[in-house]
Amino acid sequence: MKPTKRTTYLSRVESDYFGRKWYRRSVMLFCNLLFPGRWMRKTQIIRCLIIELSEGGATVRIGKSQIPDHLYLVIGSFDVVIGSIVVQRDPGVLHLCFLKELRPAFVNRLARMESPFSTLESLSPTTISASNNVQPALRPVLPAPYDARDGSMGQNTRYPKRQ
């Protein structure tokens, strides 16, 4: 007897739950994974390599480490700390989902970085924007104070000696 497959109107609806929401960029950046130890004591930091990055998640290559499901992805020297959840585990690879999505401009700047070691140091605007096609933003220059316009400010004034 041939088994009959029962179909309903729900089985014909296509779900976008497993579809990608953001474009993944192939990158090679070192970062750290930070997670608390047992009973919230002795936090542990493990170095890893980001191989794919998007606004909503990342694919991270790790060594043979036992890592919990909830962790923080640390980029730079604690300049950017991103709360993450492990959604899939493969041998030596973790697929992370960020708790709060990143800005597209920041992800694009990280994807343009050429050296994988540049994300281990402090991420200043010059470090991030030192890669191709990105110009550092210039700080606005404030107008000079009123006294400095005539050249009197900053000059030593000589007073006669008292007698």
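Okay, so the sequence shown: first residue is 1 according to full-length UniProt numbering, each after it adds one.
Glycine included, each C-beta is placed from N, C-alpha and C at the ideal position.
Note that the structure is a prediction, hence the values are computed from the model and not measured.
Span of the alpha helix (DSSP H) around residue i
i, result
"residue 89", "First-last for residue 89: 80-90, but that is the beta strand (DSSP E), not the alpha helix (DSSP H)."
"residue 166", "Absent from the structure is residue 166, since the part of the chain shown begins at 1 and ends at 163."
Neighbour-count burial assignment, residue i, 16 or more Cβ in a 10 Å radius
i, result
"residue 84", "buried"
"residue 107", "buried"
"residue 102", "buried"
"residue 55", "buried"
"residue 119", "buried"
"residue 99", "exposed"
"residue 117", "exposed"
"residue 43", "exposed"
"residue 92", "exposed"
Beta-carbon proximity of residue i to residue j, cut-off 8 Å
i, j, result
"residue 45", "residue 53", "no"
"residue 61", "residue 75", "no"
"residue 57", "residue 96", "yes"
"residue 81", "residue 94", "no"
"residue 77", "residue 121", "yes"
"residue 79", "residue 123", "yes"
Residue range of the unbroken beta strand (DSSP E) whose run includes residue i
i, result
"residue 66", "Careful: residue 66 lies outside any beta strand (DSSP E) and carries neither H nor E."
"residue 118", "No beta strand (DSSP E) holds residue 118; DSSP gives it neither H nor E."
"residue 52", "44-53"
"residue 72", "70-75"
"residue 25", "25-35"
Using 8 Å as the threshold, is the region 18-32 in touch with the region 62-70, meaning 3 or more CB pairs across them? no
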